[in-house]
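Peer 1:
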Amino acid sequence: MTILEQLQRIVGSENVSDDKAIAAAYSRDQHWSFVEPKNPAYVARPGTKEEIRDILMLANRENMPVIPWSTGINIRGMTIPVKDQSIMLDVSRLNQIIEISPEMMTATIEPGVTFGMLVEQTKKYGLRPAFPDAPLTVSAVANNYLRGIYQTSPRDGLDHILSFEIILPNGETLSTGSRLLSKELPYFRYGPGPEIASLFIAGPGTWGVVTELTLKLYRIFKHQNVYYVGFEDIDTPMELLTKVNREELVSGCRFVDTAHWLPPYLGTFDYAYESLPEFVVVLVVENQDKVFQAQDEIVRSYIDKSGGKILDLPDKLADNLKCEMLGAETSPMIFGFKGNFYCVGYYGPLKFLSKYYNDFKRNALEVGFSIEDISYYANTIARFHGQSTYYELEIYFDSSDKKSVEMLRALHARTVENLLDTGIYGWFRPYAGVIEPTLERIGNFADYWKKLQQLIDPNGIMNPGKLF
Numbered sequence: 025m026t027i028l029e030q031l032q033r034i035v036g037s038e039n040v041s042d043d044k045a046i047a048a049a050y051s052r053d054q055h056w057s058f059v060e061p062k063n064p065a066y067v068a069r070p071g072t073k074e075e076i077r078d079i080l081m082l083a084n085r086e087n088m089p090v091i092p093w094s095t096g097i098n099i100r101g102m103t104i105p106v107k108d109q110s111i112m113l114d115v116s117r118l119n120q121i122i123e124i125s126p127e128m129m130t131a132t133i134e135p136g137v138t139f140g141m142l143v144e145q146t147k148k149y150g151l152r153p154a155f156p157d158a159p160l161t162v163s164a165v166a167n168n169y170l171r172g173i174y175q176t177s178p179r180d181g182l183d184h185i186l187s188f189e190i191i192l193p194n195g196e197t198l199s200t201g202s203r204l205l206s207k208e209l210p211y212f213r214y215g216p217g218p219e220i221a222s223l224f225i226a227g228p229g230t231w232g233v234v235t236e237l238t239l240k241l242y243r244i245f246k247h248q249n250v251y252y253v254g255f256e257d258i259d260t261p262m263e264l265l266t267k268v269n270r271e272e273l274v275s276g277c278r279f280v281d282t283a284h285w286l287p288p289y290l291g292t293f294d295y296a297y298e299s300l301p302e303f304v305v306v307l308v309v310e311n312q313d314k315v316f317q318a319q320d321e322i323v324r325s326y327i328d329k330s331g332g333k334i335l336d337l338p339d340k341l342a343d344n345l346k347c348e349m350l351g352a353e354t355s356p357m358i359f360g361f362k363g364n365f366y367c368v369g370y371y372g373p374l375k376f377l378s379k380y381y382n383d384f385k386r387n388a389l390e391v392g393f394s395i396e397d398i399s400y401y402a403n404t405i406a407r408f409h410g411q412s413t414y415y416e417l418e419i420y421f422d423s424s425d426k427k428s429v430e431m432l433r434a435l436h437a438r439t440v441e442n443l444l445d446t447g448i449y450g451w452f453r454p455y456a457g458v459i460e461p462t463l464e465r466i467g468n469f470a471d472y473w474k475k476l477q478q479l480i481d482p483n484g485i486m487n488p489g490k491l492f
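Counting from 25, one number per residue, gives the positions in the sequence shown under this note's numbering.
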């Protein structure tokens, strides 16, 4: 029996294909400049956990690569095959919201559930997930499992996973946290014995397939103020940023360069962005009535002393920006602004904000990009120990222009080495172009990482080539 016939027996003939035209849809993403497009040999669309298990067991027997794929909003080449005869495991049919628990403030979901679906249902209970800086069609499981960045991270922090269920390459199912003792109580991160969830989190489909995940939900507050504070230089806002985060006064805090960061996000709104100050700090204050009033008063006093100016934006622009950043009510336009979008995402201390920016800008200009191509933002993260901040260094470019692609590759090499030399906490995700030079610098940790990977996946079938 051929591989195609065996896959058909598992998922049905209508849910598997070896057609090259269908496979081509899974062969590339916006990171193609660094990850060469490649067709999978087969695309399989299981609809149950049992079908996922059977496909993994088949792949293990036949030594065939498997690449998990959730809803298709993939970046940085993390789901592009590296080896021949790979099976693209499209799990988008598993799209059930299993439970929303207002009592526990949690949601339990399958990998095909998008943030749009989750937001629509949770707001009925006055709750919300942490909103990612991503389109509404992104998988809530994949985004949390791969550590997305969230607009509300100054209040909610970075990690929203409580527990999950993962099918390992050999077909066994492993649960984490309190699920180990009771599947009916998946609401606690720490179960008996070692806390293993963190070992699996941020693995780009290299440990197995997550089929069910329980995540935190957060209260929606009626009282909210959003401040857009303009600054003409990058150093002046540092005291304001440090104070509001150290004192935990805001639920949203983002530093952006206005002329270059805002248009890709708000391209549908006609506005003279060049009239804005060079940099803007966006602060969100929200809470219960009296607590909100007290926090808002303190934040206003800090803004008044910051050297910045509260911007009087048109209501439509302010509301549009609020929807893009804080409510997941609309989707960012970054992927279509100039044809393609390049981004280096990483974590580091807030105190390096100006150095990170100035180094990137200098390198981008030196390789041939214009100032209009360059974008930058920083997003602080609670509890703010270590001044924890998420950064993005971005370039918008025309991927059909070979010169731009070569410039981008040169810039990327400079940027990664520059950041590693300056000092960062870690990369947003382990993806092509950043993981290779990093492994060289982390000593014997890389060896133990490989050994753990081999223990879980001795045949090396799970998304091979993405890490080692």
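Each residue gets a CB set at the ideal place from its N, CA and C atoms; glycine is no exception. Note that this is a predicted model, so its numbers are computed, not measured.
Should residue 407 be labelled buried (16 or more other beta-carbon atoms within 10 Å of its own) or exposed?
Peer 2: Counting Cβ neighbours within 10 Å, residue 407 comes out exposed, since fewer than 16 surround it.
Peer 1: May I have the straight-line CA-CA distance separating residue 159 from residue 237, to the nearest angstrom?
Peer 2: If I take the Cα positions, the gap works out to 20 Å.
Peer 1: Hey, could you find the ends of the alpha helix (DSSP H) residue 441 is sitting in?
Peer 2: It spans 426–446 - the alpha helix (DSSP H) in which residue 441 sits, taken as one unbroken run.
Peer 1: Does DSSP put residue 248 in a helix, a strand or coil?
Peer 2: In this structure, residue 248 counts as strand in the three-state DSSP scheme.
Peer 1: If we call anything under 8 Å between Cβ atoms a contact, is residue 325 one with residue 261?
Peer 2: Taking 8 Å as the Cβ cut-off, residue 325 and residue 261 do not qualify as a contacting pair.
Peer 1: Taking C-beta to C-beta, are residue 95 and residue 110 nearer than 8 Å?
Peer 2: No, the Cβ-Cβ distance between residue 95 and residue 110 is not below 8 Å.
Peer 1: Report the CB separation of residue 152 from residue 242 in whole angstroms; it is logged as a contact under 8 Å.
Peer 2: Going by Cβ atoms, the distance from residue 152 to residue 242 rounds to 6 Å, so yes, they are a contact pair.
Peer 1: For the structure I just gave you, are there three or more beta carbon pairs, one from the segment 469–488 and one from the segment 189–202, closer than 8 Å?
Peer 2: Flag = yes, the segment 469–488 and the segment 189–202 touch.
Peer 1: Counting C-beta neighbours from all protein chains within 10 Å, is the total for residue 403 16 or more, i.e. buried, or is it exposed?
Peer 2: When all chains shown are included, residue 403 counts as buried.
Peer 1: In three-state DSSP terms, what is residue 455?
Peer 2: DSSP places residue 455 in coil when its eight states are reduced to three.
Peer 1: I need the boundaries of the beta strand (DSSP E) containing residue 140, first residue and last residue.
Peer 2: Unbroken run through residue 140 is the alpha helix (DSSP H), 139–146; no beta strand (DSSP E).
Peer 1: Pull up the distance between the alpha-carbon of residue 446 and that of residue 143, whole angstroms please.
Peer 2: Going from the Cα of residue 446 to the Cα of residue 143 covers about 38 Å.
Peer 1: Measuring only the C-alpha atoms, how far is residue 378 from residue 93?
Peer 2: Their Cα atoms are separated by approximately 37 Å.
Peer 1: Have a look at residue 249 and residue 422 and give me their C-alpha separation to the nearest angstrom.
Peer 2: Those two C-alpha atoms are separated by around 37 Å.
Peer 1: Find out if the Cβ-Cβ distance for the pair residue 178, residue 405 is shorter than 8 Å.
Peer 2: Yes, the pair counts as a contact, with Cβ atoms nearer than the cut-off.
Peer 1: Where does residue 266 sit, in a helix, a strand or coil, going by DSSP?
Peer 2: In the structure shown, residue 266 sits in a helix (DSSP, three-state: H, G or I).
Peer 1: Which same chain residues, not among the five before or five after residue 20, have their C-beta less than 6 Å away from its C-beta?
Peer 2: As displayed, the chain neither begins before 25 nor continues past 492, which places residue 20 out of reach and without an answer.
Peer 1: Please report how far the alpha carbon of residue 185 lies from the alpha carbon of residue 145, in whole angstroms.
Peer 2: Whole-angstrom Cα-Cα distance: 18 Å.
Peer 1: For residue 247 and residue 342, what's the separation of their Cα atoms in angstroms?
Peer 2: So the alpha carbons of these two residues sit roughly 17 Å apart.
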